[in-house]
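Chains as they are written, first to last, in my numbering: chain A, 4 to 114; chain B, 59 to 173.
From the three backbone atoms N, C-alpha and C, an ideal C-beta is built for every residue, glycine too.
Small disclaimer: the values here were computed from a predicted structure and weren't measured.
Right, here's the structure in full:
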């Protein structure tokens with residue numbers, strides 16, 4: 004069945020890079036997404052990658068996709084305290100409109 | 059407004075009562091989704107509407123849950139005879155279409171507490 008897994012917690016120092024990892028099981032994934040949820044705020048799409056891509060870069064964010072291992076990562080360069088949030092990985096499979104979500108990784112940035 | 063809005067922001071109800079949760083999507087968005095986020099759980103898909111097509115209700119957990127979308131805009135999620143396990147944050151999202159590149163924009167959610 005479909006499943007998306009993430010580690011639950013990550014703690015980094017301000018200025019360091021953060022790497023949040025995600026694994027998924029469905030090989031028919033077409034799009035993979037990273038969403039950010041800040042306390043008291045709604046979910047915000049950070050970036051997405053199409054399954055035929057290996058990498059996507061957007062300013063401080065780098066997404067790496069290893070389709071063979073079904074592994075997705077989000078790297079945040081020069082992590083700031085404002086990056087503290089929960090980061091969700093989600094996948095969309097085939098023609099399915101709904102997204103399958105991980106449980107979220109809580110990122111804590113320490114000054 | 060510019061974003062997806064939901065009301066109420068918080069709802070406390072007694073077990074066995076019915077509740078209605080409202081979602082106002084972004085104007086012009088044809089797709090609307092409902093998700094549930096329980097404590098310690100990821101987002102669980104409930105239902106989605108796309109234009110005039112029949113909704114995909116495959117995620118509704120029981121027949122106590124139903125949703126409508128009137129006039130292709132506002133949507134109401136109704137939970138009948140609420141149970142304590144229904145306590146969660148109910149999130150609504152809308153998107154321009156249902157292509158993989160159509161971003162789902164989320165509302166702030168309704169936190170439902172069933173006593």
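Rounded to whole angstroms, what is the Cα-Cα separation between residue 131 of chain B and residue 85 of chain B?
Spanning the two alpha carbons is a distance of roughly 8 Å.
Rounded distance between the beta-carbons of residue 102 of chain B and residue 91 of chain B, thought under 8 Å:
By a beta-carbon distance limit of 8 Å, residue 91 of chain B does not contact residue 102 of chain B. Their separation comes to about 11 Å.
Determine contact between the stretch 104 to 120 of chain B and the stretch 61 to 68 of chain B, defined as no fewer than three beta-carbon pairs at a distance below 8 Å.
Using a Cβ-Cβ distance cut-off of 8 Å, the stretch 104 to 120 of chain B and the stretch 61 to 68 of chain B are not in contact, since fewer than three pairs of beta carbons, one from each stretch, lie closer than that value.
What do you get for residue 142 of chain B, buried or exposed, if any count of 16 or more other CB atoms within 10 angstroms of its CB means buried?
So residue 142 of chain B ends up on the exposed side.
If we ignore side chains and look at the alpha-carbon of each, how far apart do residue 113 of chain A and residue 16 of chain A end up?
Taking the straight line from one Cα to the other gives about 5 Å.
Under 8 Å Cβ to Cβ from residue 96 of chain A, same chain only, skipping five residues before and after it: list those, please.
Around residue 96 of chain A: 5, 29, 31, 32, 33, 103.
For the candidate residues A/82, A/56, A/46, whose alpha-carbon lies nearest to that of residue 62 of chain A?
In terms of CA proximity to residue 62 of chain A, A/82 leads the group A/82, A/56, A/46.
Along chain A, which residues have their Cβ under 8 Å away from the Cβ of residue 100 of chain B?
Neighbours of residue 100 of chain B in chain A, taken as residues at a C-beta separation under 8 Å, are given in chain order as 7, 91, 104, 105, 106, 107.
So with CB distances below 7 Å, who are the chain B contacts of residue 34 of chain A?
Simply 158.
Straight-line gap, residue 108 of chain B to residue 79 of chain B (C-alpha atoms, nearest Å):
The straight-line gap from Cα to Cα measures roughly 19 Å.
4-residue-minimum alpha helix (DSSP H) runs that sit fully inside the stretch 82 to 141 of chain B, ordered along the chain:
Taking only runs of at least 4 residues, no alpha helix (DSSP H) segment lies wholly in the stretch 82 to 141 of chain B.
Sub-9 Å separation of residue 93 of chain A and residue 13 of chain A beta-carbons
Against a cut-off of 9 Å, the Cβ pair of residue 13 of chain A and residue 93 of chain A comes out as no contact.
Taking 9 Å as the CB-CB limit, is residue 73 of chain A close to chain B?
So, not an interface residue.
Since residue 44 of chain A is in the beta strand (DSSP E), which residue starts that stretch and which ends it?
Counting along the chain, residue 44 of chain A sits inside no beta strand (DSSP E), nor does DSSP assign it H or E at all.
Interface residues of the stretch 52 to 84 of chain A facing chain B [CB-CB below 8 Å]:
Listed in sequence order: 53.
If you draw a straight line from the C-alpha of residue 53 of chain A to the C-alpha of residue 100 of chain A, how long is it?
About 15 Å.
Where does the unbroken beta strand (DSSP E) through residue 8 of chain A begin, and where does it stop?
Note, residue 8 of chain A: beta strand (DSSP E), 7 to 9.
Closest by C-alpha distance to residue 163 of chain B, when choosing among B/169, B/154, B/71:
Considering only alpha carbons, the answer is B/154.
Per-residue burial, residue 7 of chain A [other beta carbons within 10 Å of its own, 16 or more giving buried]
With 16 or more Cβ atoms within 10 Å of its Cβ, residue 7 of chain A is classed as buried.
Residue 48 of chain A CB to nearest chain B CB: under 9 Å?
By this cut-off, residue 48 of chain A is an interface position.
Check whether the Cβ of residue 62 of chain B lies closer than 9 Å to any Cβ atom in chain A.
At least one chain A Cβ lies under 9 Å of residue 62 of chain B.
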